[in-house]
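In my numbering, the protein residues as written are 7 to 338. To start, the structure under review is shown below, and the notes come after it.
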Ligand SMILES: [Zn+2]
């Protein structure tokens, strides 16, 4: 048993309370390799933004849970080296799907876990979430739960259709489970293909897809039911066109990739939405950089030469999200 407190990590409680009061959101960036982690920590340290490092089940399978834990521990020390005296860093399990997995993360130094039982019937979601909350709270680890279903594909999490969170269920759910934050479904979606072309309209000038707007009326109704309660948005990448174009112009094939417009995420950040998950955008930045370097310098074979550029791309992306979209800069 290792407590996250010994590792210099923090849970989400205070961070979320401040974010709701201050009208901004905390970035939750997924990581599964060193370059991503370096870029996240540099961006957060230089902008003095609280940050949530997320590990998905897929990341655990790819990089090994033990290694990721020690990387997060190292990230705290790295942040201090960069001049961030009191780093506000959370290590969070993204989409935990069983009590055992959540328990193992709590025991292993995570400061926050998500139990995603949203695919189960309502009462089963409550029962499993409550069980995780009871265990996690013993160790002051915060718990994110989910109500409603997001469309899209993210590692092992996938659904063809979305079901918006029902505002009439949130009070009962939050009260009976004791969860610390709630991931809701209001039209965000996992992955780089968040909407089919049929769900979008086309901008007559550019010919690009324009996605349907988020259901802010559902968000408003939820906030009315649970005033001041921390709300989380998953699947909130914007799929920057510049990366998609770079990838497609250099041998890639990402037809009609589409994300959530940043103006809508900025608007959400000002509400009780206090955690916004961004994963696909960093994958796109990484891939665009690697394609660019290898296309321009076909003789390059030192991974540092393309992973280093990928790291720079990701750092720029993270800083842009922190400063221009979520507004969390200067808050840690
Ligand atoms: Zn998610």
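Cβ atoms here follow ideal geometry from the backbone N, Cα and C, with glycine treated the same way.
Return yes when at least one heavy atom of ligand 1 lies under 6 Å from the C-beta of residue i, else no.
i           : result
residue 240 : yes
Using beta-carbon positions only, say whether residue i and residue j come within less than 7 Å of one another.
i           : j           : result
residue 94  : residue 278 : no
residue 100 : residue 77  : no
residue 190 : residue 253 : no
residue 105 : residue 280 : no
residue 244 : residue 266 : yes
residue 41  : residue 272 : no
residue 256 : residue 301 : yes
residue 321 : residue 45  : yes
residue 123 : residue 134 : yes
residue 98  : residue 158 : no
residue 51  : residue 88  : yes
residue 118 : residue 38  : no
residue 215 : residue 262 : yes
residue 242 : residue 194 : yes
residue 291 : residue 319 : yes
residue 58  : residue 96  : yes
In angstroms with no decimal places, state the Cα-to-Cα distance between residue i and residue j.
i           : j           : result
residue 60  : residue 250 : 24 Å
residue 28  : residue 276 : 8 Å
residue 315 : residue 19  : 35 Å
residue 144 : residue 335 : 31 Å
residue 187 : residue 150 : 5 Å
residue 169 : residue 222 : 14 Å
residue 75  : residue 85  : 15 Å
residue 109 : residue 289 : 29 Å
residue 184 : residue 14  : 25 Å
residue 92  : residue 8   : 20 Å
residue 206 : residue 53  : 35 Å
residue 177 : residue 295 : 45 Å
residue 107 : residue 114 : 10 Å
residue 299 : residue 224 : 44 Å
residue 83  : residue 127 : 42 Å
residue 240 : residue 211 : 30 Å
residue 71  : residue 326 : 29 Å
residue 304 : residue 297 : 10 Å
residue 73  : residue 111 : 13 Å
residue 213 : residue 260 : 16 Å
residue 226 : residue 309 : 47 Å
residue 247 : residue 140 : 43 Å
In terms of DSSP beta bridges, what is residue i paired with?
i           : result
residue 102 : 121
residue 284 : 35
residue 151 : 121, 188
residue 61  : 99
residue 195 : 157
residue 114 : 8
residue 317 : Answer is none; residue 317 lacks a bridge partner.
Rounded to the nearest angstrom, how far is the Cβ of residue i from that of residue j, given a contact under 8 Å?
i           : j           : result
residue 175 : residue 156 : Not really, about 16 Å apart at Cβ, beyond 8 Å.
residue 217 : residue 235 : About 27 Å; that fails the 8 Å criterion.
residue 171 : residue 228 : 6 Å
residue 199 : residue 116 : Not a contact, Cβ separation roughly 30 Å.
residue 47  : residue 25  : At roughly 19 Å, the Cβ-Cβ gap does not stay under 8 Å, so residue 47 and residue 25 are not in contact.
residue 324 : residue 49  : 4 Å
residue 34  : residue 283 : 5 Å
residue 232 : residue 31  : Between residue 31 and residue 232 the Cβ distance is about 17 Å, and since that is not below 8 Å, they are no contact.
residue 136 : residue 182 : 7 Å
residue 55  : residue 36  : With 8 Å as the limit, residue 55 and residue 36 do not qualify as a contact, their Cβ atoms being about 16 Å apart.
If you measure from the CB of residue i, is any heavy atom of ligand 2 nearer than 6 Å?
i           : result
residue 330 : With respect to small molecules bound, the structure shown includes ligand 1 and not ligand 2.
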